[in-house]
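First the structure, in the form of structure tokens, and then the observations on it.
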Amino acid sequence: MMGFDLIFGPSVERGPRNRRIYLTFDDGPNERATPAILDTLAEFRVPAAFFLVGDHVQRFPRLARRVVKEGHMVGNHTHNHVKLHFAGREQIRDQLEMANRAIECAAGRTPRAFRAPHGYRSPFLRSCATGRRGNPAPRPQTAAARRHRVTP
Ligand SMILES: [Zn+2]
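If you want it as structure tokens, here you go:
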């Protein structure tokens, strides 16, 4: 379920009631773990989401391409996996843009999701992630989002 918070923006708060699970892998690609993960996912025909670190993508571009080629979703997990807790808007924006460029260049896919390292959230992270400046305009909430709203 997608939630929406006027300060932090949209987030995934809970899975659907049909008890599906979604596999996500962070911090890759990694030359030791990623091939084994991809082999296993292919063997069982299971899709997953990989939140990639831009610097790792630059080191292992073939693995990033393989993730996309095998039908998995790629997300942005910053360029250097830095803690964003004390970063300003400009550093956050740089981290997101550098990672996006690395992923686009290596894998030919623009990430449409972002997962912050260490679970960082801030009121201005959303505007950095969406490219909007200033306070993000609130979006209409769906009934489901209202039911599962997170309070900061
Ligand atoms: Zn991470």
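Taken in order, the sequence shown gives residues 22 to 173; the numbers are from our numbering.
Glycine residues also receive a C-beta, built at the ideal position from the N, C-alpha and C atoms.
Query	Result
Contact test: H77 Cβ vs ligand 2 heavy atom, cutoff 7 Å	Of the ligands this structure carries, namely ligand 1, none is ligand 2.
Proximity below 8 Å, CB of A128 to CB of V95	yes
Residue of C126, R114 and P138 minimising C-alpha distance to C149	R114
Cβ neighbours of R110 in the same chain (closer than 7 Å, five flanking residues each side left out)	F145 and C149
Contact test: D115 Cβ vs ligand 1 heavy atom, cutoff 7 Å	no
Contact test: H106 Cβ vs ligand 1 heavy atom, cutoff 7 Å	no
R122 versus D48 - alpha carbon distance	16 Å
8 Å Cβ shell around R86 - same chain, five flanking residues per side excluded	A127, A128 and G129
Any non-hydrogen atom of ligand 1 closer than 7 Å to P138 Cβ	yes
Counted within 10 angstroms of its Cβ, other Cβ atoms place T55 as buried (16 or more) or exposed	buried
Presumed contact (8 Å Cβ cut-off) between F72 and N97, rounded CB distance	7 Å
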